[in-house]
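Participant: When you line the sequence shown up against my numbering, it's residues 8 to 249, in that order.
A virtual CB, placed ideally from N, CA and C, is assigned to each residue, including glycine.
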Amino acid sequence: MVKVLVWNENRHEKQNEEVAKIYPEGIHGAIKQFLEADDVEVNTATLDEPDHGITEEKLAETDVLVWWGGHMAHHEVKDEIVNKIHEHILNGMGLVVLHSGHFSKIFKKLMGTSCDLKWREADDKERMWVVDPTHPIVDGIGEFIEIDKEEMYGEHFDIPAPDELVLVSWFEGGEVFRSGCTYRRGNGRIVYFRPGHETYPTYYHKDVQKVIQNAVRWAKPVGREYPTYGNAKPLEKIEPKS
Ligand code: ZN
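(1) Exposed or buried, A8, counting other C-beta atoms within 10 Å across all chains shown (16 or more means buried)?
(2) Kindly examine the ligand ZN and report whether one of its heavy atoms sits closer than 8 Å to the Cβ of G77.
(3) Could you give the distance in angstroms between the alpha-carbon of E128 and the alpha-carbon of K156?
(4) Is the separation between the beta-carbon of G193 and that of G99 shorter than 9 Å?
(5) For M118, which option in I29, V215, Y199 and N238 has the closest C-alpha, if you only look at C-alpha atoms?
(6) Whose C-beta lies closer than 6 Å to the C-beta of E20 among residues of the same chain, with five residues either side of it excluded?
(7) Specify whether the stretch 79-95 and the stretch 140-152 touch according to this definition: at least 3 beta carbon pairs, one from each stretch, less than 8 Å apart.
(8) Helix, strand or coil: which one does DSSP assign to E179?
(9) Can you tell which of E162, V84, S176 and T189 has the C-alpha that lies nearest to the C-alpha of M135?
(10) Contact between the stretch 201-211 and the stretch 36-47 is defined here as three or more beta-carbon pairs at a separation below 8 Å; is this criterion met?
(11) Counting along the chain, where does the alpha helix (DSSP H) carrying L105 start and finish?
(12) Restricting to runs no shorter than 3 residues, where is the beta strand (DSSP E) found entirely within the stretch 30-82?
(13) Which term fits A44, buried or exposed, when burial requires 16 or more other beta carbons within 10 angstroms of its beta carbon?
(14) Hey, out of T53, N23, E87 and T235, whose CA is closest to L72's CA?
(15) What does a CB cutoff of less than 7 Å around D58 pick up in its chain, not counting 5 residues either side in sequence?
(16) Is E158 near the ligand ZN, with its Cβ less than 8 Å from a heavy atom?
(17) May I ask you to check if the CB of S107 is nearer than 8 Å to at least one heavy atom of the ligand ZN?
(18) In angstroms with no decimal places, state the Cα-to-Cα distance between E111 and T62.
(19) Alpha carbon to alpha carbon, how far is D131 from L97?
(20) What's the call for Y233, buried or exposed, on a 16-neighbour Cβ count within 10 Å?
(21) So is the beta-carbon of H81 under 8 Å away from any non-hydrogen atom of the ligand ZN?
(22) Please report the residue range of the beta strand (DSSP E) in which E133 lies.
(23) Three-state secondary structure (DSSP) at Y199?
(24) Taking 8 Å as the line, does the beta carbon of H204 fall inside it for any heavy atom of the ligand ZN?
(25) Quick check: does the Cβ of W126 come within less than 8 Å of any heavy atom belonging to the ligand ZN?
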């Protein structure tokens, strides 16, 4: 069974009644529920726990880390924890970054770019088109996913060209956005999936849930040993050259 750690900043839920009403168990609670329904073992962790709830022991038993962080508190995540997560990803742990996690320290460190974008909170309709119908993270999804109201994220999105571009969003106000992207870093697989602004009930949308369920399965470790780097003994005898 895939073991997932769902991490959430969990501040909006405490400070904004509107958000608390939509997600009474927190965004992490909502994500935990639909992942468990898909036969995944789920732990949760939040920013205000000691070490943000991310200990070495917890990471060691995590196959895939799911990350929801809002713009409010990315800077409060300790660098030493980010470095630990980074190391686990290079060693094969999967990472699924949701929505405003595009600005999290871990995503920016993995991408090496600003990860900046345009945004607007104006109840735009979003239509997310599947542009790679063969990709496992869109299994069971039709030609597109439609979300009645969402925050708009627009290009240019300052990320390196994705290894695979799976979903592209159109917004009612006219913008487009690369909403489903995958990357490989070391032995780890990374998915960025855009929707999920805290004031909308997006994580109850069946297709959004399906993509996250698929993403978790796709990003799970492939079980390969970390490569041996550095000075290497020859595998064959090297003939002396005159
Ligand atoms: Zn947002």
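Facilitator: Quick answer:
(1) First, the residue type needs correcting, since residue 8 is Met and not Ala in the sequence shown. Exposed.
(2) Under cutoff, so the answer is yes.
(3) The alpha-carbon atoms of E128 and K156 are separated by roughly 9 Å.
(4) The criterion of a C-beta distance shorter than 9 Å is satisfied by G193 and G99.
(5) Of the listed residues, the one whose Cα sits closest to M118 is Y199.
(6) When the five nearest sequence neighbours on each side are left out, the beta carbons in the same chain lying within less than 6 Å of the beta carbon of E20 are those of V26, A27, Y30 and G33, in order along the chain.
(7) The answer is no - the stretch 140-152 does not touch the stretch 79-95, with fewer than three Cβ pairs under 8 Å.
(8) Residue state, collapsed to three classes: coil.
(9) Looking from the CA of M135, the closest CA among E162, V84, S176 and T189 belongs to S176.
(10) Contact between the stretch 201-211 and the stretch 36-47 is established, with three or more Cβ pairs separated by less than 8 Å.
(11) Segment G101 to L105 is the beta strand (DSSP E) holding L105; no alpha helix (DSSP H) there.
(12) Runs of the beta strand (DSSP E) inside the stretch 30-82: 48-53 and 71-75.
(13) By the C-beta density criterion, A44 is exposed, having fewer than 16 other C-beta atoms within 10 angstroms.
(14) Ranking T53, N23, E87 and T235 by CA distance to the CA of L72 puts T53 first.
(15) Sequence-distant partners of D58 (beyond 5 residues in either direction) whose C-beta falls short of 7 Å from its own C-beta, in its chain, are I88.
(16) Flag set: Cβ of E158 near the ligand ZN.
(17) Yes.
(18) As written in the sequence, residue 111 is Ser, which differs from the Glu given in the question. Cα to Cα, S111 sits roughly 18 Å from T62.
(19) If you take the alpha carbons of D131 and L97, they lie about 37 Å apart.
(20) In this structure Y233 is exposed. Its beta-carbon is surrounded by fewer than 16 other beta-carbon atoms within 10 angstroms.
(21) Flag unset: Cβ of H81 not near the ligand ZN.
(22) Unbroken beta strand (DSSP E) run through E133: K125 to V137.
(23) Here Y199 carries a strand assignment [DSSP, helix/strand/coil].
(24) For the ligand ZN, a non-hydrogen atom lies closer than 8 Å to the CB of H204.
(25) Taken from the Cβ of W126, at least one heavy atom of the ligand ZN lies inside 8 Å.
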